[in-house]
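So, in structure tokens, the structure goes:
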């Protein structure tokens, strides 16, 4: 046939006695041979040949069950023919749906049926859509009861295509959901030495893509997810939470409305009670996704603002725990509020309007450093969320209205005897400095003064290092304030010999983020002084750290003539002297 000596139809005639034999095994062998030829020669067929072969094979679907596998192989070959006449794809599928009980076939033969459907969906989409919901119903019958993971991966892909390509589901939405959701959550464990290489994760992701592919499934899926979230199996909880997060990307307010109280109740319970960090993280991700989904929903004048009522119930259940900084529910509550607030600017304003004044009040109420640290860390979490949106908007920002008390709390933490509280204060200071337009000029000067004071505290290297890192990241944002206030002060300290411990801190600080070149070159000279102090004191690690930082600053200054001049005048002889001294 390949050489053109025979046509396929001549082959059919030659196989005639075999194809018409009364013994089903003999008929099966004849059809098997024909199908094997078609699988290799389908591209050579003419349109008329394909028509005759399709009619022949369709007819044979009513034959003995021993013949059916070979018939399906032939139809698979024909389903890939480009010269298939219009209407034949529909005719083949109708015959399969009507004549073949697919789930009674062996795995490979069921896989062949899925392949035929996939091929036709790829090339004859408009024809199949002409079948309307009958095509969906036919496929549901084919898939119902499938157990082999190899086949399930193909079947799940077909369902995704049905939905993504807008095939008519008609009255069969719930049936399509049932025929796929019965596998949720996946509990497949691949057998040892499995040659097919299908992993549990492949099935989980493939099924999740189906379940989260259409809002039409929401009314059936959300109760199932709530039920599985309450399961004792951690894997079921995780799968449910991840599926919920995926669904939120395509759901709207309408789909979620009825289920929000139950969803919130399950998420809250898990975060308050779970011992698993994984489960907690997925709960927070799901809550964030729910809040984002409600934030996206367009409201008409007569619909309730579900985001507002959803956040109100979260605040009602979590806010009071923030007043108990020693109790175990304080952090779970803060995390839940931050997950919901981080979803949108609207959610952020709604939550911080209620929470920030409370945290500031609690800070002044609790004099103990350990409690203050917990409260300031929670406050820091909310401040960091504002960084996502950058500029602080004047009109509706809770932050700007609370600028004075926030700065007051952070500055008080920097003067607290507790080093741990100071460290959180320094982190908060860095975040406030990164919020464009938040710090006033007088606040900025205070910030620099605090950082200098902490940086020069030789008795505590932790605070000193953190203060220099903060200076390193804020200096590029406010170069004038830093060079105007910090550089003269450091010079004074160096000359009086009091800044010996600053070398390492300054190095790591400036190494964090490249500074603008004039400031960088100025700092480089100072670093060189410190390096000399370091080498005399014999602290090799300090010196290494200073040199690494000098290198980073130097790379930034290569295009800056003034900076290069500084290096030639001061830094190079200084480094040369140290190199010689170290070598001797």
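Residue numbers (UniProt numbering): 1 to 584. Backbone N, C-alpha and C define an ideal beta-carbon position, used for all residues, glycine too. Remember, it's a predicted structure, so these values are computed and weren't measured experimentally.
* Asked: Whose C-alpha, out of 150, 104, 89, is nearest the C-alpha of residue 135?
  -> Here residue 135 corresponds to residue number 135 of the chain shown, with the count starting at 1. For residue 135, the nearest C-alpha among the options comes from 89.
* To do: Would you mind sorting residue 519 into buried or exposed? The rule is 16 or more other CB atoms within 10 Å of its CB.
  => Along the chain shown, read from residue 1 onward, the residue named residue 519 stands at position 519. Unreliable positioning characterises residue 519 in this predicted model, as indicated by a pLDDT of 47, which lies under 50. The coordinate reading is nonetheless provided below. Residue 519 should be labelled buried.
* Between the CA atoms of residue 192 and residue 22 - distance to the nearest angstrom -> On the chain shown, residue 22 is found 22 positions in, with the first residue counted as 1. On the chain shown, residue 192 is found 192 positions in, with the first residue counted as 1. In a straight line, the C-alpha of residue 22 is about 44 Å away from that of residue 192.
* Reference residue 65; option with closest CA among 25, 55, 30 -> On the chain shown, position 65 is the one that residue 65 refers to. For the residues 25, 55, 30, the minimum Cα distance to residue 65 belongs to 25.
* To do: Thinking residue 374 and residue 330 are a contact (beta carbons under 8 Å), I'd like their distance in whole angstroms, please.
  => Sequence index remark: in the chain shown, residue 374 carries index 374 (1-based). Sequence index remark: in the chain shown, residue 330 carries index 330 (1-based). Going by Cβ atoms, the distance from residue 374 to residue 330 rounds to 7 Å, so yes, they are a contact pair.
* Pick out whichever of 429, 221, 45 has its Cα sitting closest to the Cα of residue 377. => The count along the chain shown starts at 1 and reaches residue 377 at position 377. Closest option to residue 377, Cα to Cα, is 429.
* What does a CB cutoff of less than 6 Å around residue 216 pick up in its chain, not counting 5 residues either side in sequence? -> Within the chain shown, residue 216 is the residue found at index 216, counting from 1. Only 173 meet the Cβ criterion.
* Indicate whether the contact test is met: 3 or more Cβ pairs, each with one atom in the stretch 363–371 and one in the stretch 340–353, closer than 8 Å. => These segments do not touch.
* Per-residue burial, residue 185 [other beta carbons within 10 Å of its own, 16 or more giving buried] -> Here residue 185 refers to the residue found at position 185 when the chain shown is read from its first residue. By the beta-carbon neighbour count (other beta carbons within 10 angstroms, threshold 16), residue 185 is buried.
* Would you mind stating whether residue 61 and residue 100 have Cβ atoms separated by less than 8 Å? => Along the chain shown, read from residue 1 onward, the residue named residue 61 stands at position 61. Along the chain shown, read from residue 1 onward, the residue named residue 100 stands at position 100. Yes, the Cβ-Cβ distance between residue 61 and residue 100 is below 8 Å.
* Who are the near neighbours of residue 286 in its chain, counting only those whose CB is closer than 7 Å to its CB and skipping five residues on each side? -> Mapped onto the chain shown, residue 286 falls at position 286. Contacts found: 241, 244, 245, 267.
* Determine the burial state of residue 298: buried for a count of at least 16 other Cβ atoms within 10 Å of its Cβ, exposed for fewer. => For the purposes of this step, residue 298 is taken as the residue at position 298 of the chain shown. Under this definition residue 298 is an exposed residue.
* Is the Cβ-Cβ distance between residue 46 and residue 1 less than 8 Å? -> Working through the chain shown from its first residue, we reach residue 46 at position 46. Working through the chain shown from its first residue, we reach residue 1 at position 1. No; because the gap between Cβ atoms is not below 8 Å, this pair is not in contact.
* Whole-Å CB distance - residue 385 paired with residue 342, under 8 Å assumed -> By 1-based counting over the chain shown, the position of residue 385 is 385. By 1-based counting over the chain shown, the position of residue 342 is 342. At roughly 5 Å, the Cβ-Cβ gap stays under 8 Å, so residue 385 and residue 342 are in contact.
* At which residues does the alpha helix (DSSP H) containing residue 579 begin and terminate? -> Mapped onto the chain shown, residue 579 falls at position 579. 572–583 is the extent of the alpha helix (DSSP H) around residue 579.
* To do: Could I get the ranges of all uninterrupted alpha helix (DSSP H) runs contained in the stretch 350–403, with 4 residues as the minimum, in chain order?
  => 369–386, 398–401
* To do: State the Cα-Cα distance for the pair residue 160 and residue 222, rounded to the nearest angstrom.
  => In the chain shown, the residue the question calls residue 160 occupies position 160. In the chain shown, the residue the question calls residue 222 occupies position 222. In a straight line, the C-alpha of residue 160 is about 19 Å away from that of residue 222.
* Pick out whichever of 151, 167, 306 has its Cα sitting closest to the Cα of residue 130. => The count along the chain shown starts at 1 and reaches residue 130 at position 130. In terms of CA proximity to residue 130, 167 leads the group 151, 167, 306.
* To do: Count the C-beta pairs between the stretch 187–202 and the stretch 251–258 that are closer than 8 Å, then say yes if the count reaches three, no if not.
  => No, the stretch 187–202 does not touch the stretch 251–258.
* From the DSSP output, in three-state form, read off residue 2 for me. => Translated into the one-based positions of the chain shown, residue 2 becomes position 2. Note: residue 2 maps to coil in three-state DSSP.
* **Beta-carbon contacts of residue 5 that lie in its chain and below 6 Å, excluding the five residues immediately before and after** => Residue mapping note: residue 5 aligns to position 5 of the chain shown, counting from 1. Hits under 6 Å: none found.
* Alpha carbon to alpha carbon, how far is residue 247 from residue 305? Give it in angstroms, no decimals. => Stepping through the chain shown from its first residue, residue 305 is reached at position 305. Stepping through the chain shown from its first residue, residue 247 is reached at position 247. So the alpha carbons of these two residues sit roughly 20 Å apart.
* Ends of the alpha helix (DSSP H) at residue 26? -> Residue mapping note: residue 26 aligns to position 26 of the chain shown, counting from 1. Counting along the chain, the alpha helix (DSSP H) containing residue 26 begins and ends at 24–41.
* Asked: Would a C-beta distance cut-off of 8 Å place residue 425 and residue 435 closer than the cut-off?
  -> Along the chain shown, read from residue 1 onward, the residue named residue 425 stands at position 425. Along the chain shown, read from residue 1 onward, the residue named residue 435 stands at position 435. Cβ atoms of residue 425 and residue 435: not closer than 8 Å.
* Distance CB(residue 9)-CB(residue 49) smaller than 8 Å -> Within the chain shown, numbered from 1, the residue matching residue 9 stands at position 9. Within the chain shown, numbered from 1, the residue matching residue 49 stands at position 49. Yes, the pair counts as a contact, with Cβ atoms nearer than the cut-off.
* Cβ neighbour criterion (16 or more within 10 Å) applied to residue 142 -> For the purposes of this step, residue 142 is taken as residue 142 along the chain shown, with counting starting at 1. The C-beta of residue 142 has 16 or more other C-beta atoms within 10 Å across all chains shown, which makes the residue buried.
* **Burial state of residue 451, where buried means 16 or more other Cβ atoms lie within 10 Å** => Counted from its first residue, the chain shown places residue 451 at position 451. Counting Cβ neighbours within 10 Å, residue 451 comes out buried, since at least 16 surround it.
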